[in-house]
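In what follows, a single structure is set out as structure tokens and then discussed.
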Amino acid sequence: MRLEEDRKSSPKKLVIIAITIAVIVVVSVVLWEFVLRDFFKGGEGTEYEIEMWQGDQRIGVVKMSKLETLPTVSYLDVFSDRDDVIDEGPLVKDVILLRINESSLTNETSIYIKSDLTGEERTISWGEISNISKSYILDFTKRGTTKFSSPETEKNERVRDVTEIRIGV
31 MRLEEDRKSS
41 PKKLVIIAIT
51 IAVIVVVSVV
61 LWEFVLRDFF
71 KGGEGTEYEI
81 EMWQGDQRIG
91 VVKMSKLETL
101 PTVSYLDVFS
111 DRDDVIDEGP
121 LVKDVILLRI
131 NESSLTNETS
141 IYIKSDLTGE
151 ERTISWGEIS
161 NISKSYILDF
171 TKRGTTKFSS
181 PETEKNERVR
191 DVTEIRIGV
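Here it is, written out as structure tokens:
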């Protein structure tokens, strides 16, 4: 009698398990599509961007598609573990001037560059940033995000995955 009941209930259990799995899959897909994807910058459907601030006022964002239209500088990364790494991207100066009038900047104006993703940050003066011979760039090669660097900037002084630039902090 017990064996016969188990056989009858077994298909019901399988149907319940199959429905449960289907619901979990659907909920996971919906959660990813409408909630989590926007959380991760650079995911399909979102475009990587850098927030620009002047003091405490948000003055806009610069998207990767805009960075890619600016003139670029490239150089061999002498601090890389590999011998053939080329960093390439627009000068940080040019990125800042997309949102700020150069006449409002002095050599002493501080520029704060930060990554919410890595926790890295760096403060540097406009005088250094605007010095073309220093070649401070936002390297965007092969990553989908940017890295603040220059030919003289060692790895521990760089900011990977830049998410914010603040002018005049």
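Note that the numbering used here has the sequence shown beginning at 31, numbered continuously upward. Cβ atoms here follow ideal geometry from the backbone N, Cα and C, with glycine treated the same way.
**OP:** Could you tell me which of Glu194, Thr183, Leu100 and Leu97 sits nearest to Ser163, measuring between CA atoms?
**Re:** Within the sequence shown, residue 163 is the residue found at index 133, counting from 1. Nearest C-alpha to Ser163: Thr183.
Subject >> Alpha carbon of Ile154 to alpha carbon of Lys96, nearest angstrom >> reply: Here residue 154 corresponds to residue number 124 of the sequence shown, with the count starting at 1. Here residue 96 corresponds to residue number 66 of the sequence shown, with the count starting at 1. If you take the alpha carbons of Ile154 and Lys96, they lie about 23 Å apart.
Subject >> Validate contact between the region 183-199 and the region 74-91 using beta carbons, cut 8 Å, 3 pairs >> reply: yes
Original post:
Just checking my contact of Glu77 with Thr193 at CB under 8 Å: how many whole Å lie between their CB atoms?
Top reply: For the purposes of this step, residue 77 is taken as the residue at position 47 of the sequence shown. For the purposes of this step, residue 193 is taken as the residue at position 163 of the sequence shown. Contact flag wrong, Cβ pair sits at about 13 Å.
**OP:** State buried or exposed for Lys93, treating a residue as buried only when at least 16 other CB atoms are found within 10 Å of its CB.
**Re:** For the purposes of this step, residue 93 is taken as the residue at position 63 of the sequence shown. Answer is exposed; the Cβ neighbour count stays below 16.
Original post:
How many whole angstroms separate the CB atoms of Tyr166 and Val115, which I take to be in contact at a CB cut-off of 8 Å?
Top reply: For the purposes of this step, residue 166 is taken as residue 136 along the sequence shown, with counting starting at 1. For the purposes of this step, residue 115 is taken as residue 85 along the sequence shown, with counting starting at 1. Tyr166 to Val115, Cβ: 17 Å. No contact.
Original post:
Secondary structure at Val91, three-state DSSP: helix, strand or coil?
Top reply: On the sequence shown, residue 91 is found 61 positions in, with the first residue counted as 1. Looking at Val91 - three-state DSSP - the assignment turns out to be strand.
**OP:** Return the CA-CA distance between Arg190 and Lys43, expressed in angstroms with no decimal places.
**Re:** Counted from its first residue, the sequence shown places residue 190 at position 160. Counted from its first residue, the sequence shown places residue 43 at position 13. In this model, Arg190 and Lys43 are separated by some 51 Å (Cα to Cα).
Subject >> Continuous alpha helix (DSSP H) stretch holding Val125: start and end >> reply: Within the sequence shown, numbered from 1, the residue matching residue 125 stands at position 95. Val122 to Ile126 is the span of the alpha helix (DSSP H), which, as asked, contains Val125.
Subject >> Local conformation of Gly72 per DSSP, three classes >> reply: As a working note, residue 72 is residue 42 in the sequence shown. Below a pLDDT of 50, predicted positions are generally treated as unreliable, and Gly72, at 46, falls in that range; the measurement from the model is reported next regardless. In the structure shown, Gly72 sits in coil (DSSP, three-state: anything other than H, G, I, E or B).
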